[in-house]
Amino acid sequence: MFRGVRASSLGAEARLGRARSPVRAGVRSAMHRGEEKETMRGLNERLAGYLSQVRLLEEANSKLEEQIKNVVKERRAVGQRDWSAYEKTIFSIRDQGVEQDIINLRKMIDDTQMSSMQLEGEVETLNEELMYLRKNHEQIRDSSVDVQMDAAKGQDLSETIDKIRQQYELAAQKSREETEAWYRNKFDSISAEVSRNTDALQQGQKELNDLRRQKQGLEIDLQTMHSMNHSLEDTLNDTAGRYSQTTNNHNMIIQQLEAELAEVHAQVSRQGLEYQALLNIKSKLEEEIATYHSLLEGTGPPYNGFTVPALPKNYDFKGMRPQDDVNVESISPPKDGNVIDNSASENANTEASGLAGNESVEFSLEQALCAAPRKLSPDSEQTLGKKNAEEEMITQKDLELNAANIAKNNQYIHEEAGQEMEEDPAF
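1 is the number of the first residue of the sequence shown in the UniProt record's numbering; add one for each residue after it.
Here it is in structure tokens:
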């Protein structure tokens with residue numbers, strides 16, 4: 001193609017070269033006619049047009065050469081591709097075609113075997129018929145020999161021929177009847193066998209269709225079972241997660257209740273200790289009050305001062321609750337033995353309240369007597385003891401009730417969790 005284009009361009013140049021001589025002659029004639037400039041301009045324009053066309057054709061040729069080279073490279077690259085995947089597909093399709101051809105050839109072999117068996121049967125029947133005809137021919141030949149011998153004796157030839165013809169016709173009819181009967185029997189037996197085989201084939205096809213339907217039904221059941229199994233597994237996982245969360249919540253509640261129970265026990269023990277400390281303080285105060293009374297009555301020993309044990313800080317005797325600090329360590333009697341008046345006692349109380357932050361506060365004997373409770377009668381002491389005992393019993397009963405309620409709550413939580421686990425089929 002490129003050579004043709006180049007040759008055409010070269011031929012055009014040659015034709016242009018050859019055409020220069022008549023052009024020159026025309027120019028000369030035009031010069032004589034006064035059109036030299038216009039002719040030269042036209043020729044120059046035509047020459048420039050031809051040269052531009054030649055350049056365009058050369059550029060087109062170069063572009064086409066590059067395109068052809070690229071196409072050749074691409075085709076070579078395509079020829080070096082990995083065709084293994086396509087080869088596998090081709091081999092599988094080829095194997096399927098070969099298997100189908102094998103199946104068809106097997107069918108053809110079966111058909112040819114059946115036809116060969118039929119032909120063999122026909123050959124056997126024809127051989128038997130041939131043997132029978134040979135026997136008849138031999139019999140006829142023997143009878144013809146006898147006829148010749150009889151003819152030699154002078155019998156009538158026409159009668160003999162008629163007899164032979166009759167015998168031959170009878171023999172042929174007999175052989176025909178026997179052959180037809182044999183063929184009929186053979187055909188009946190073959191037809192019966194074919195009908196049996198057809199029935200067996202139809203029965204086999206029915207069984208095959210039934211088995212295929214059963215297979216499809218079993219596959220559908222299997223898919224249903226798989227989906228049911230997946231759904232049951234999902235339900236089991238959800239139930240296990242839910243009950244694990246419920247168990248964790250119950251365990252947290254149990255831990256909280258156990259912590260509350262331990263706190264209640266600690267409070268009970270702490271209140272018991274505080275109550276015992278208060279009883280000790282009460283007994284000591286009662287002893288000191290008795291000592292005060294004996295001193296006032298003048299029956300006891302001379303008083304040089306006594307010490308009241310320190311009470312817990314922030315404690316209220318009446319409500320058994322923490323209040324302001326009242327720590328009394330020592331109380332000194334008055335120096336002059338006189339009784340301090342109420343204003344003095346109020347000043348002392350004010351001073352005592354101002355010194356509440358110190359470790360100890362000093363009181364006069366009158367202040368201690370005024371602050372001390374009066375001596376109770378036996379009935380009042382009995383009533384107070386009963387009241388304290390009842391309060392202790394009420395406190396113990398409340399604690400026992402709280403402990404019993406906590407135990408019942410724990411038992412109820414455990415029973416509820418066990419009942420839910422028993423009712424859930426996942427467990």
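For every residue, glycine included, the Cβ atom is placed at its ideal position computed from N, Cα and C.
When DSSP states are grouped into helix, strand and coil, G298 belongs to the coil group. In this structure, L261 and A403 form a Cβ contact; the two beta carbons are roughly 6 Å apart against a cut-off of 8 Å.
The Cβ atoms of N409 and L273 do not sit closer than 8 Å to each other. Beta-carbon to beta-carbon, S195 and Y132 are separated by about 30 Å, too far to satisfy the 8 Å threshold.
Between the region 166 to 173 and the region 133 to 142, the count of Cβ pairs shorter than 8 Å is three or higher; the stretches touch. Note on geometry: alpha-carbon atoms of K107 and Q100 lie some 11 Å from one another. For a cut-off of 8 Å, the C-beta gap from E129 to T179 is around 6 Å, short enough to register as a contact. The C-beta distance from T125 to W182 rounds to 7 Å, short enough to fall under 8 Å. Here the C-alpha atom of F91 lies approximately 50 Å from the C-alpha atom of L57.
Between the C-alpha atoms of D95 and S244 there is a straight-line separation of about 58 Å. It is roughly 10 Å from the alpha-carbon of G217 to the alpha-carbon of T224. C-alpha of K215 to C-alpha of G204: approximately 16 Å in a straight line.
Inter-residue distance for H226 and E74 is about 52 Å (C-alpha atoms, whole angstroms). Spanning the alpha carbons of K63 and I102 requires a straight line of approximately 55 Å. The closest CA to that of Q255, considering only E415, F187, I406, is found on I406.
Just so you know, the alpha carbons of M228 and L208 end up roughly 30 Å apart.
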